[in-house]
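Engineer:
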Amino acid sequence: MNSLKYIAHYPAQLVAQVQSLIEKNQLAPMLAKKYPERHSIQTDKALYEYVSEIKSDYFRNTAAISKVGFDSKISVINHALGLHTQISRVQGGKLKSKNEIRIATLFKNTPPEFLKMIVVHELAHLKEKEHNKAFYQLCQHMEPNYLQYEFDLRLHLTVQELGLAN
Numbered sequence: 001m002n003s004l005k006y007i008a009h010y011p012a013q014l015v016a017q018v019q020s021l022i023e024k025n026q027l028a029p030m031l032a033k034k035y036p037e038r039h040s041i042q043t044d045k046a047l048y049e050y051v052s053e054i055k056s057d058y059f060r061n062t063a064a065i066s067k068v069g070f071d072s073k074i075s076v077i078n079h080a081l082g083l084h085t086q087i088s089r090v091q092g093g094k095l096k097s098k099n100e101i102r103i104a105t106l107f108k109n110t111p112p113e114f115l116k117m118i119v120v121h122e123l124a125h126l127k128e129k130e131h132n133k134a135f136y137q138l139c140q141h142m143e144p145n146y147l148q149y150e151f152d153l154r155l156h157l158t159v160q161e162l163g164l165a166n
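In UniProt numbering, the protein residues as written are 1 to 166.
#1: If you check the beta carbons only, do F135 and F107 fall under 9 Å apart?
#2: Between which two residues does the alpha helix (DSSP H) containing I22 stretch?
#3: Which residue's Cα is closest to the Cα of E143: I118, M30, E37 and N109?
#4: For the beta strand (DSSP E) holding I118, just list the boundary residues, first then last.
#5: May I ask you to report which of helix, strand or coil DSSP gives Y149?
#6: Counting along the chain, where does the beta strand (DSSP E) carrying S66 start and finish?
#7: Just to confirm my understanding: we take E37, look at its own chain, exclude 5 residues before and 5 after, and list those with CB closer than 7 Å. What are they?
#8: Helix, strand or coil: which one does DSSP assign to N78?
#9: Excluding sequence positions up to five away, which residues of its chain have a Cβ less than 6 Å from the Cβ of T43?
#10: Measure the CB-CB distance between L115 and Y50 and report whether it falls below 9 Å.
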């Protein structure tokens, strides 16, 4: 069951169902059928525009995001798919704060739902720093299917790790 580390904290019955799908070679085809498309956002500029559009829909009164990009150094191994950082610098006599969002490069070739899920997750950190109830409520406000996409992304990562992809 170590190979199911991405869903290990889910109920045992659900993990057993996933294990059964893997044994029957049905997990990858199921995900491929459920998420047949891949998004077209391939550059940092396109990603910045995509993130800015979602941000403007939900966070008009928050600080601007100064930088958004794909980052090949972000690793699933480090339990990160994206990073939100806030950098403070002194400029003249003022303290300036800049928000940056970096998304793991693996999201360049995923369904649009997975990219949106990770972008929503990182944007939610603009208001809620911790992964608490308010954080997940905010994620679901921005993307009502957030929890399902998060689970399916975990299944996608499992497929990738086990080499089951078609």
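Every residue, glycine too, gets a C-beta built ideally from N, C-alpha and C.
Structural biologist: Working from what's here:
#1: no
#2: A12 to E23
#3: I118
#4: The continuous stretches of beta strand (DSSP E) do not include I118, which lies in the alpha helix (DSSP H) extending over residues P112 to A124.
#5: helix
#6: It spans I65 to D71 - the beta strand (DSSP E) in which S66 sits, taken as one unbroken run.
#7: Answer for E37: P111 and P112, listed in chain order.
#8: At N78, the pLDDT of 49 sits below 50, so the modelled position is not reliable; the number obtained from the coordinates is stated separately. Of the three classes helix, strand and coil, the one that applies to N78 here is helix, per DSSP.
#9: none
#10: yes
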